[in-house]
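Chemist: In our numbering, each number is its position in the first sequence, counted from 1, plus 216.
Glycine included, C-beta positions come from ideal geometry on N, C-alpha and C.
One structure is given below, represented as structure tokens, and several questions about it will come after.
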Amino acid sequence: MPELPEVETVCRGLAEALIGRKLVRVIANRPNLRFPLPNDLGQRLIGNSISAVKRRAKFILIEMRTSDVLIAHLGMSGRFRIYQNTPPPENTHDHVIFETESGSVIRYNDPRRFGFFDLTSRDDLAENRFLSDLGPEPLENTFTPDVFIKHIKSRKTSLKAALLDQHIVAGLGNIYACEALFMARLSPRRKTHTVGPKRATALVDAIKTVLANAIAQGGSSLRDHRKTNGELGYFQHTLQVYGQENKACPRCGIGYQITRINQSGRSTFFCPHCQR
DNA sequence: ATATATCCCTGCGCGC
DNA sequence: TGCGCGCAGGGATATA
């Protein structure tokens with residue numbers, strides 16, 4: 217599932233294929249994904265060149281020379297695939313097709329259609345409804361233990377829920393939230409108001425480390441996507457708790473099992489022995 | 001105001 | 001072998 221590291225990896229791939237290139241073809245194969253596709257997509261993008269590809273949380277920002285900005289979100293199952301030469305026949309879930317003057321074909325594929333596109337301008341980016349209320353970028357210096365504590369101290373919720381709340385810190389999903397809590401030895405059930413400077417520092421450090429490691433490995437989901445036979449990607453071997461139900465805790469060893477619980481409708485994996 | 005539930009959607013793995 | 005079911009979880013929206 218695409219979380220921040222996967223989105224970052226996708227952005228880097230898109231940047232390589234798109235920056236400085238002019239779009240000669242933009243086709244929407246259906247009127248909507250999660251939301252209606254912008255109806256002036258082709259009109260505003262065709263003949264326009266890409267000047268930058270950026271990421272904000274799990275959002276991909278494709279900036280055009282005209283100051284138009286295409287915002288893309290992968291949702292749960294969205295993928296961008298780039299073909300330099302003759303692309304294979306289109307898949308039923310190839311919903312949006314881009315083609316550059318240099319002949320690259322970029323397809324947005326999304327079986328579950330939880331992803332979406334939005335079109336705005338650089339001037340309006342900060343006020344965009346998807347971006348305006350996002351919390352700090354976890355890998356930037358603006359995300360500190362002090363900032364984190366300030367956001368969570370008055371909340372009456374669990375640490376796990378706080379990490380998934382994009383207003384508090386933007387970009388974590390279920391996998392990396394579980395992994396960061398494990399690394400910081402903190403229980404996902406711990407109430408946020410019980411977190412002081414020491415625990416906040418451990419957690420903020422863990423979040424940064426987990427995300428940076430995942431990015432360094434090219435993310436986990438993208439590697440999965442490359443393997444069309446369904447074989448799991450490299451990051452699978454790096455996961456300490458996510459999906460490891462009933463396995464021995466990597467820290468506590470035999471006799472201490474990774475437990476799966478449900479928090480606000482989502483699975484949480486953790487070790488009740490070393491995560492307090 | 002914040003916390004929780006519901007919804008969107010398809011593919012996959014499981015049990016019978 | 002196949003069918004139905006539950007699960008996967010991004011984020012907006014509705015409800016408590």
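Measuring straight from C-alpha to C-alpha, what distance separates HIS311 and LEU239?
Modeler: Roughly 17 Å between the two C-alpha positions.
Chemist: Return the chain-ordered list of same chain residues with a C-beta closer than 8 Å to the C-beta of SER283, the five sequence neighbours on each side being excluded.
Modeler: If we look at SER283 and ignore the five residues flanking it on each side, its Cβ neighbours are SER337, ARG338 and ASP339.
Chemist: What residue does the alpha helix (DSSP H) around HIS367 start on, and which one ends it?
Modeler: Looking at the DSSP string, the run of the alpha helix (DSSP H) that includes HIS367 is 361 to 368.
Chemist: Measuring alpha carbon to alpha carbon, tell me which residue in LEU249, ILE266, LEU261 and GLY291 is nearest PRO218.
Modeler: Nearest of LEU249, ILE266, LEU261 and GLY291 to PRO218, Cα basis: GLY291.
Chemist: By the 10 Å Cβ neighbour count, where 16 or more other Cβ atoms means buried, how is THR410 classified, buried or exposed?
Modeler: Exposed is the call here.
Chemist: Going by DSSP, what residue range makes up the alpha helix (DSSP H) through PHE398?
Modeler: Counting along the chain, the alpha helix (DSSP H) containing PHE398 begins and ends at 390 to 399.
Chemist: In three-state terms, what does DSSP make of HIS309?
Modeler: Coil, per DSSP.
Chemist: Determine the extent of the alpha helix (DSSP H) in which GLU232 is found, giving its start and end residues.
Modeler: Here the alpha helix (DSSP H) through GLU232 covers 220 to 234.
Chemist: Could you tell me if GLN300 is buried or exposed, where buried requires 16 or more neighbouring beta carbons within 10 angstroms of its beta carbon?
Modeler: Its Cβ having fewer than 16 others within 10 Å, GLN300 is exposed.
Chemist: Identify, in the order they occur along the chain, each residue of the same chain with its Cβ nearer than 7 Å to the Cβ of ALA231, setting aside the five sequence neighbours on each side.
Modeler: Answer for ALA231: VAL269, listed in chain order.
Chemist: Between which two residues does the alpha helix (DSSP H) harbouring ASP421 extend?
Modeler: First-last of the alpha helix (DSSP H) with ASP421: 413 to 432.
Chemist: Exposed or buried, which one is GLY236 when buried takes at least 16 other CB atoms within 10 Å?
Modeler: Counting Cβ neighbours within 10 Å, GLY236 comes out exposed, since fewer than 16 surround it.
Chemist: Taking just the CA atoms, how far does ARG323 sit from ARG493?
Modeler: Residue numbering for the chain in the displayed model covers 217 to 492; residue 493 lies beyond these limits and cannot be assessed.
Chemist: Nearest to ILE384 by CA position, among PRO352, SER374 and TYR472, is which residue?
Modeler: Nearest C-alpha to ILE384: PRO352.
Chemist: What three-state label does DSSP hand PRO488 in the structure shown?
Modeler: Reduced to three states, the DSSP call for PRO488 is coil.
Chemist: Does the contact criterion of 3 or more C-beta pairs under 8 Å hold for the stretch 255 to 263 versus the stretch 415 to 431?
Modeler: No: the two stretches stay apart, fewer than three of their Cβ pairs being nearer than 8 Å.
Chemist: When DSSP builds the beta bridges, which residues end up paired with ALA244?
Modeler: According to DSSP, which records beta bridges pairwise, ALA244 is partnered with VAL312.
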